[in-house]
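Take a look at the structure below.
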Amino acid sequence: SSSLCCIESGTECSIKPEGDECPNECSDQGRCEDGKCVCFPGFSGPDCSLSDCPGNCNDKGTCVNGQCVCDPGFTGPDCSSESCPDCSTKACPGNCNNKGQCVNGKCVCNTGFTGPDCSTKACPGNCNNKGQCVNGKCVCNTGFTGPDCSTKACPGNCNNKGQCVNGKCVCNTGFTGPDYFIQIFFIKHSRLYLAFILSSETEGTLC
């Protein structure tokens with residue numbers, strides 16, 4: 152089909168095929184050329200019905216009816232400006248180094264970390280106040296041992312000839328230490344003296 156179109160003087164008429172018409176007459180926001188809308192500045196779409204946003208909101212917002220709705224942290228007609236926080240939340244040092252949560256300006260550290268900014272590796276039991284924490288490991292004071300310095304140590308580790316129990320050595324069979332009380336009994340048997348050694352204790356500080 153076709154439509155009749157007259158020029159402004161009204162003296163001439165021409166037949167204009169419908170195929171050359173533009174959708175929705177370009178919504179009065181553009182001109183029709185060869186069946187396609189050439190939109191005026193600020194409008195877009197096949198029929199120029201969409202309002203453009205400045206700078207396409209710089210990919211930091213959404214265009215709604217020609218106005219930018221900016222993403223959090225951005226502002227301005229084209230969302231190109233960074234917005235400032237309202238400063239109502241107390242900040243934590245170093246943002247807790249991503250090893251804890253910031254609660255009212257103080258870091259609540261994850262397990263295994265400590266310090267005001269959670270940057271320090273924690274030691275088990277804080278070394279029970281019997282040693283120093285160095286890079287997450289306890290360096291125990293003299294007389295204490297164990298991963299958390301909670302165990303009493305024995306001198307010389309019982310020379311590897313016994314077990315350390317509560318700071319005292321329980322010696323293996325055949326070994327003794329200076330804290331052992333030794334009693335020797337001599338019994339005459341025929342012409343020989345037999346010696347019997349009796350120990351009154353089974354533990355001491357050394358073996």
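For the sequence shown, this note's numbering assigns the number 152 to the initial residue and increments by one for each residue that follows. No residue lacks a Cβ here, since even glycine has one placed at the ideal position from N, Cα and C. Quick caveat: nothing in here was measured; it's all calculated off a predicted structure.
Residues sharing a beta bridge with residue i, DSSP
i	result
E184	K187
C322	G313
Cut-off 8 Å between Cβ atoms - residues of its own chain near residue i, not counting five sequence neighbours on either side
i	result
S200	N175, S178, Q180 and F194
C-beta contact flag for residue i and residue j at 8 Å
i	j	result
G251	C269	yes
C214	C204	yes
C208	C230	yes
A304	C315	yes
G307	N292	no
S239	G224	no
7 Å CB neighbourhood of residue i in its chain, flanking five on each side removed
i	result
S202	G193, F194, N216 and G217
K241	N255 and G256
6 Å CB neighbourhood of residue i in its chain, flanking five on each side removed
i	result
C253	C243 and C247
N279	D299, C300 and S301
P228	P205
C144	With the chain covering only 152 through 358, there is no way to say anything about residue 144.
G313	C320, V321, C322, N323 and C358
> Taking only runs of the beta strand (DSSP E) that begin and end inside the stretch 188-270, which ones reach a length of at least 3 residues, in chain order?
Replying inline: 212-215, 218-221, 251-254 and 257-260, all fully within the stretch 188-270.
>> Going residue by residue through the stretch 271-319, where are the continuous beta strand (DSSP E) segments of at least 3 residues, counting only ones entirely within it?
In response: Taking 3 residues as the shortest admissible run, the stretch 271-319 contains the following complete beta strand (DSSP E) segments, listed from N- to C-terminal end: 282-285, 288-291 and 313-316.
>> Three or more C-beta pairs under 8 Å: does that hold for the stretch 274-284 against the stretch 293-302?
In response: The answer is yes - the stretch 293-302 touches the stretch 274-284, with three or more Cβ pairs under 8 Å.
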